[in-house]
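Data first, discussion second: the structure below is written as structure tokens.
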Amino acid sequence: MAVLTKKQKAVVAKVDKSKLYTLEEASNLVKEVSYTKFDASVDIAVRLGVDPRKANQMVRGVVSLPHGTGKETRVLALVTPDKEEEAKNAGADYVGLDDYLQKIKDGWTDVDVIVTQPQVMGKLGPLGRVLGPRGLMPNPKTGTVTTEIGKAISEVKAGKIDFKVDKYGIVHAAIGKVSFDAKNIQENAQEIISTLIKLKPQAAKGVYVKSIYLSSTMSPGIAIDPKGIN
């Protein structure tokens, strides 16, 4: 087990492991307990009372964070020539089709989000083994397969993220940076929590939101009281 430095011990001591914090308290505390020299990401982990192995309990969706993620999202627009100008004007970092399909086939995946058109999806199918495990495969449910290319790119650039419950029933998402105001962190967290509550599957029984943790890169997790979340 790694030995904690004096600074790390001081940080850990600030988090009361026996306490369930309010979202407001956690949003303030997560800024205090960050000890990295860089602008650390703020992450949320929500454990849900669902069984992801059952199709009728899968939780997946998108949310537009009111204050963005603080991260520059690299967008690849795989579009037909008539949509290239629209994609560029909306801020796509890479725009094209066959040339980028070949680059992906050769192993290039240096992007965060891929946006494409319905008629292009047929060409992406064979690349599922490359894109799927990296979470890069476009999906109509997340708005990344659309005829409104410009709108989709603008939303992603503004802070729209997609999420999916993992095999343990947990949804993980980056919701900001330590440099954000605590209020902005709180509002971003509230937005994704509220969205998850709206997506509660009818088949889910018992307690739906079991636990919520807020943390920054390398910091201890801060437990939030689920009962205090609306």
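If you count by our numbering, then the sequence shown holds residues 163 to 392, one letter each, in order. We put the beta carbon where it would ideally sit given N, CA and C, even for glycine. Everything numeric in this text was worked out from a predicted model, so none of it was measured.
Identified DSSP bridge partners for residue i
{"i": "Ala207", "result": "His334, Tyr375"}
{"i": "Arg222", "result": "Lys326"}
{"i": "Val277", "result": "Ala239"}
{"i": "Tyr183", "result": "Ile386"}
{"i": "Val307", "result": "Thr278"}
{"i": "Lys339", "result": "Ser203"}
Beta-carbon proximity list for residue i, same chain, < 8 Å, skipping 5 on both sides
{"i": "Lys367", "result": "Gly211"}
{"i": "Gly312", "result": "Glu248, Ala249, Asn251, Ala252"}
{"i": "Val273", "result": "Arg236, Val237, Leu238, Asp255, Tyr256, Leu298"}
{"i": "Pro280", "result": "Pro302, Val307, Thr308, Thr309"}
{"i": "Lys322", "result": "Val224, Val225, Ser226, Leu227, Gly305"}
Contact check, residue i vs residue j, beta carbons under 8 Å
{"i": "Arg236", "j": "Asp255", "result": "yes"}
{"i": "Val275", "j": "Val241", "result": "no"}
{"i": "Ile354", "j": "Val195", "result": "no"}
{"i": "Pro300", "j": "Thr271", "result": "no"}
{"i": "Ala222", "j": "Phe325", "result": "As written in the sequence, residue 222 is Arg, which differs from the Ala given in the question. The answer is yes: Cβ separation under 8 Å."}
{"i": "Lys329", "j": "Pro214", "result": "yes"}
{"i": "Lys285", "j": "Leu263", "result": "yes"}
{"i": "Asn190", "j": "Ala344", "result": "yes"}
{"i": "Leu227", "j": "Asp387", "result": "no"}
{"i": "Val292", "j": "Ile332", "result": "no"}
{"i": "Met220", "j": "Val318", "result": "no"}
Spatial neighbours of residue i in its chain, beta-carbon cut-off 6 Å, leaving aside the 5 residues before and after
{"i": "Met163", "result": "Note on Met163: pLDDT 44, under 50, position unreliable in the model; the coordinate value appears next. Result list for Met163: empty, nothing under 6 Å."}
{"i": "Gly390", "result": "Thr184"}
{"i": "Ser381", "result": "Val195, Ser196"}
{"i": "Val173", "result": "Val195, Tyr197"}
{"i": "Gln348", "result": "Leu185, Glu186, Ser189"}
{"i": "Phe346", "result": "Correcting the residue identity first, residue 346 is Asn in this sequence and not Phe. These residues qualify, in order along the chain: His229."}
{"i": "Leu259", "result": "Leu240"}
{"i": "Gly269", "result": "none"}
7 Å CB neighbourhood of residue i in its chain, flanking five on each side removed
{"i": "Gly290", "result": "Met299"}
{"i": "Ala188", "result": "Leu376, Ile384, Ile386"}
{"i": "Tyr370", "result": "Leu210, Gly211, Lys362"}
{"i": "Ala351", "result": "Leu185, Ser189, Ile206, Ile337, Leu376"}
{"i": "Ser193", "result": "Per the sequence shown, the amino acid found at residue 193 is Lys instead of Ser. Once the five neighbours on either side are set aside, the close Cβ partners of Lys193 are Val340, Ala344."}
- Task: Please confirm if the stretch 229-249 is in contact with the stretch 368-376, defined as three or more CB-CB distances below 8 Å between the two stretches.
- Result: no
- Kindly confirm or deny that the stretch 196-209 and the stretch 333-346 touch, where touching means at least three C-beta pairs closer than 8 Å. yes
- Query: Are there three or more Cβ pairs, one per stretch, closer than 8 Å when the stretch 350-362 is compared with the stretch 210-223?
  - Reply: yes
- Message: Just to confirm the assignment: which complete beta strand (DSSP E) runs, minimum length 3, are found wholly within the stretch 230-275?
- Response: 237-240, 256-258
- Task: Specify whether the stretch 300-307 and the stretch 191-201 touch according to this definition: at least 3 beta carbon pairs, one from each stretch, less than 8 Å apart.
- Result: no
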